[in-house]
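Heads up, the thing below is written out as structure tokens.
Number of protein chains: 4
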Amino acid sequence: MRDSDDRSPQTVAELAEQLRRFAEDREWQQFHTPKNLAMALAGEVGELLAELQWLTPEESVRLMTDPGLAGRVRAEIGDVMIYLTRMADVLGIDLVRAADDKLAEVAQRYPADRTRGSAAKRRP
Amino acid sequence: MRDSDDRSPQTVAELAEQLRRFAEDREWQQFHTPKNLAMALAGEVGELLAELQWLTPEESVRLMTDPGLAGRVRAEIGDVMIYLTRMADVLGIDLVRAADDKLAEVAQRYPADRTRGSAAKRRP
Amino acid sequence: MRDSDDRSPQTVAELAEQLRRFAEDREWQQFHTPKNLAMALAGEVGELLAELQWLTPEESVRLMTDPGLAGRVRAEIGDVMIYLTRMADVLGIDLVRAADDKLAEVAQRYPADRTRGSAAKRRP
Amino acid sequence: MRDSDDRSPQTVAELAEQLRRFAEDREWQQFHTPKNLAMALAGEVGELLAELQWLTPEESVRLMTDPGLAGRVRAEIGDVMIYLTRMADVLGIDLVRAADDKLAEVAQRYPADRTRGSAAKRRP
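Chains as they are written, first to last, in the working numbering: chain A, 1130 to 1253; chain B, 1130 to 1253; chain C, 1130 to 1253; chain D, 1130 to 1253.
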């Protein structure tokens, strides 16, 4: 149950708005500096890694077929998205546009016709 | 410049679709196991931390006023979003919903009226 | 209480030896690939960050005066050292020498007389 | 080449001493709060992960046979050790003892005779 009268957010912008209100309601904005949020983001990514660290790559591909593991991974991914969205919002960065701009750069560096299947530094 | 005939994605779903095509065009799906993508995500978060590690919290709040730093942080956040979106897509997880579900849980654990401004374990 | 007849290790080499025996006793060597160990290392660093993420830099300087926090941070640092030592051992890398060699490189890049107190990219 | 009149450190204590002098010579102690050092540590672990992220587990086992990769991984492990040692030193924590104490705890939780080869949460 989330704070009364909230509807579920459908977009990153709505999620950011909800996280902003969530922080304001608890007077947590003071803690939400970009520095602190970057640490929190990294902490959550660490928890996500911990769920996958002993799996083989093949087991990781099938992880959603294990309901317990699937739920934990989904929750950790949710946590990562929460802090990433909050950090971007605090900095005034549009997440999808930042990703798209970066992808455009990567596409230029790794043209499809020259990097197909190559084991070289593959990104992203 | 990104692959021809792409329009800029406006939503996480469109970004995910674009990343899927990007990987297929380069035959990189084979490398995009959840395990590998989690590592790549963590690697990018590490680069983001590196931009902020020596800043004071106050400097981090003002970081967008430094054009060079702002550009680098925006690019790193873009990279983090790329791998987070790609990982969620590979697993069939809706990022915004996973975040919203997690937020609902956190809201229950930290009701606004009892945690206001508290320095206790603050989340998120 | 650790496995019988162990004495406490005094050096990194003795710690590495103890971790090797620990893994062998449990038949965990199969899981201790460099890839998996790097993920486990990152997971533990994430837990360490989580202990510090909401502290001000000043609070972090005093953290050892809070017995509960001090114990948790020490335990997390112990975990990080465990996986770092294990990973280096599996790869045949001498931790102290690898650090010293890297430090020599950094010393050349940042000579003391030209970087004193500078806020530029400070390493390490 | 490191600062004149240094001999190579042989132990963690000597490495810590050398890092202390290194920071003092550059007046970097002011930046070396536990919070900042934890971020720097995580940043270096991110660079280490980046070297391993696209390798199969089997490729990661053989990585030291590739001289270029071996050198990069060794350098990243050196960086991780530098910040871990510096952070422990700033906090007054003995790295080897902290690891040993943690290992003793883990040994109790995962007795050898009951966890042999098991795929359960394996630590460490």
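Note that beta-carbon positions come from the ideal geometry of N, C-alpha and C, so glycine has one too.
Cβ distance (whole Å) where residue i is taken to contact residue j below 8 Å
i: residue 1205(A); j: residue 1232(A); result: Incorrect: roughly 24 Å between the Cβ atoms, too far for contact.
i: residue 1214(C); j: residue 1145(C); result: 5 Å
i: residue 1227(A); j: residue 1203(B); result: 5 Å
i: residue 1151(B); j: residue 1236(A); result: 7 Å
i: residue 1194(C); j: residue 1140(D); result: Wrong, their Cβ atoms sit about 28 Å apart, outside the cutoff.
Where residue i sits in the DSSP three-state scheme
i: residue 1239(B); result: coil
i: residue 1153(C); result: helix
i: residue 1139(C); result: coil
i: residue 1147(D); result: helix
Pick from the options that is closest to residue i, judged by C-alpha positions
i: residue 1216(A); options: 1151(B), 1220(B), 1219(B) and 1207(B); result: 1207(B)
i: residue 1169(D); options: 1139(B), 1180(B) and 1230(B); result: 1180(B)
i: residue 1246(B); options: 1158(A), 1149(A), 1142(A) and 1137(A); result: 1158(A)
i: residue 1136(B); options: 1229(A), 1241(A) and 1240(A); result: 1229(A)
i: residue 1149(C); options: 1244(C), 1235(C) and 1219(C); result: 1219(C)
i: residue 1239(D); options: 1154(C), 1203(C) and 1223(C); result: 1154(C)
i: residue 1224(C); options: 1221(D), 1224(D) and 1210(D); result: 1210(D)
i: residue 1243(B); options: 1147(A), 1140(A) and 1156(A); result: 1156(A)
i: residue 1165(B); options: 1195(A), 1160(A), 1241(A) and 1189(A); result: 1189(A)
i: residue 1185(D); options: 1241(B), 1201(B), 1234(B) and 1160(B); result: 1160(B)
i: residue 1199(D); options: 1241(C), 1221(C) and 1199(C); result: 1221(C)
Buried versus exposed call for residue i [16 or more other C-beta atoms within 10 Å across all chains shown]
i: residue 1162(C); result: buried
i: residue 1138(A); result: buried
i: residue 1197(B); result: exposed
i: residue 1187(A); result: exposed
i: residue 1182(A); result: buried
i: residue 1175(A); result: buried
i: residue 1172(A); result: buried
i: residue 1133(C); result: Residue placement at residue 1133(C) is flagged as unreliable, the pLDDT there being 47, under the threshold of 50; the coordinate-derived value follows with that caveat. Under this definition residue 1133(C) is an exposed residue.
Any non-hydrogen atom of the ligand ZN closer than 7 Å to residue i Cβ
i: residue 1199(C); result: What this structure holds is no ligand at all, so the ligand ZN is not there to describe.
Scan the region 1170-1249 of chain B and note each continuous alpha helix (DSSP H) run of 4 residues or more that stays entirely inside, going in chain order.
Complete alpha helix (DSSP H) runs here, min 4: 1186-1190, 1196-1220, 1224-1238 and 1241-1244.
Interface residues of the region 1164-1179 of chain A facing chain F [CB-CB below 7 Å]
Looking at the structure shown, chain F is missing, and the protein chains on hand are A, B, C and D.
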